[in-house]
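Engineer: Right, I'll just put the structure down here and ask away after.
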Amino acid sequence: MKITKLEVLKLSQPYDPGQRWRFSGGRVEVWNTVLVRLTAEDGTTGLGEIGDGHFVPEAADALGRFCSRMLGDLSVFDTNLLYDRLYKAGHFWGRRGLALGVTSGIETACWDIQGKLLGQPVYRLLGGAYRRRIRTYASGGMEQSDAALADELKRHVADGFTAVKIRGGYPDPARDEHVMAVARRAVGDTVDVAVDAIQGYVPRPWPIKTALEVARRLAPYRPMWLEEPVRTDDLAGYAEVRAAAAFPIAGGENLAGLVEARAMVDHRAVDVIQADVTHAGGIGATRRIADYADAHGVAWAPHVFRSGVGFMAHLHLCLAQPNAMIFEVSRQAALREELVVEMPRLEEGCLHAVDQPGLGVHLPDDVLERFAYQPGSEQWFDVEGFRE
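The working numbering applies: residue 26 is where the sequence shown begins, and numbers increase by one.
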């Protein structure tokens, strides 16, 4: 079944003033989503998501349309060949970053069409359900007052989550310890709390000694993990913090492809790798990353912080992948329910399988109209923080 058409679709959802959020690396006022819609020769359509498009929608659009000429006579079932062709075509300008994000969107859309043509959910095409449900954590805890943070975390627990994630990464390690203490008091000892230090995004990442101090300060609170304790590419720094920490270290949400993931695993940089289907190269590439990690005793807990299309792509792979540890449910991400045919059930802290054909996603015409793209809305990093 040949691919006959590729479209790149940009969407924007502005947050109401009370919904806008901040973290140690910047602010978010508008949520941008970039989708790929493929059409097969029989008219069947499939959706994939370009995770990088959240940050650079117009660049993702341009590169996606450019890559469409490389699809040639490919079938929607040729996902390995498609990935290889796009990867090698970018030997000078691709292989990382946005190029792999665009590949992710195209490749994932192929899986969606495959499932629709066969009348099967994608997890069955990946070898079937290793599990019928996956434990989840509520990902929130952005910059706010102590009382607001405590109230938020209590709501997550009341909603049925058995684990939560908060944000840290502040210049003073004492502030990270304080935020963790607030969280632990709010949820008690039986709920897991992960801490995201976000050092891949802040203007001035922690020096190694600061990261080590944070790990020492957090240890009494028994975090589920400390995420991104050093800058993205400092694998030696990751390994040093991991060796010293009394709890797991997580990272890799923005890695692209198996080459980058292999380096992170081989350096013994993390206990938990967070490869993202919408950025790392698609479902197939992310599965290869998870398999490599599994062979080296590393768990996979994906970064799931995009729209409903990315959300469902991750859920299908988590249901099939043996070393999937836990599933992130962002409390800030937008355009989720609007794009999902049947939202998975959250029960006893777990998301349950959905048996809709393909990924179980759609793009109603009214969504394109209601969430029309807003040019110039993509800036959210703390640009001023990069000045001396």
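Think of the CB as a built atom: it goes at the ideal place given N, C-alpha and C, for glycine as much as any other residue.
Going along the chain, which residues of its own chain have a beta-carbon closer than 6 Å to the beta-carbon of Ser355, five neighbours each way excluded?
Structural biologist: Ser164, Phe330
Engineer: Taking a contact to mean a Cβ-Cβ separation below 7 Å, would you say Gly76 touches Asp258 in this structure?
Structural biologist: no
Engineer: Taking the C-alpha atoms as reference points, what is the distance between Lys113 and Lys27?
Structural biologist: Between the alpha carbons of Lys113 and Lys27 lies a gap of roughly 21 Å.
Engineer: What residue range is occupied by the uninterrupted beta strand (DSSP E) comprising Ile159?
Structural biologist: 158-164
Engineer: List the endpoints of the continuous beta strand (DSSP E) containing Leu60.
Structural biologist: 55-65
Engineer: Measure from the alpha carbon of Gln357 to the alpha carbon of each residue in Glu32, Lys35, Glu54, Ser49, then state which is nearest.
Structural biologist: Glu54
Engineer: In the structure shown, what three-state DSSP assignment does Gln38 receive?
Structural biologist: strand
Engineer: On the DSSP letters alone, give me the boundaries of the alpha helix (DSSP H) that His339 sits inside.
Structural biologist: 333-345
Engineer: Enumerated in chain order, which unbroken segments of the alpha helix (DSSP H) with a length of 4 residues or greater are wholly contained in the stretch 260-297?
Structural biologist: 260-269, 282-291
Engineer: State the DSSP-derived secondary structure class of Thr133, mapped to helix, strand or coil.
Structural biologist: helix
Engineer: Check each candidate in Gly193, Glu372, Ala349, Pro245 and name the one with the smallest Cα separation from Ala271.
Structural biologist: Pro245
Engineer: Flag this pair as yes or no: are the beta carbons of Arg313 and Leu340 separated by less than 7 Å?
Structural biologist: Not a contact, by the Cβ cut-off of 7 Å.
Engineer: Could you check whether Trp46 and Met167 sit closer than 7 Å to each other, using their CB atoms as the reference points?
Structural biologist: yes
Engineer: Spell out the partners DSSP gives Ala349 in its beta bridges.
Structural biologist: DSSP output for Ala349 lists Trp325 as bridge partner(s).
Engineer: Of the choices Trp56, Lys30, Gln169, Asp41, whose alpha-carbon is the least far from that of Ser402?
Structural biologist: Trp56
Engineer: Using the three-state DSSP reduction, which class does Leu450 fall into: helix, strand or coil?
Structural biologist: The structure shown does not extend to residue 450, since the chain is modelled only from 26 through 413, so no value can be given for it.
Engineer: Which first and last residues belong to the beta strand (DSSP E) in which Asp217 is found?
Structural biologist: Looking at the DSSP string, the run of the beta strand (DSSP E) that includes Asp217 is 217-221.
Engineer: Does the beta-carbon distance from Leu60 to Leu34 come in below 7 Å?
Structural biologist: yes
Engineer: Assuming Glu74 is part of the beta strand (DSSP E), what are its boundary residues?
Structural biologist: For Glu74, the uninterrupted beta strand (DSSP E) segment begins and ends at 70-74.
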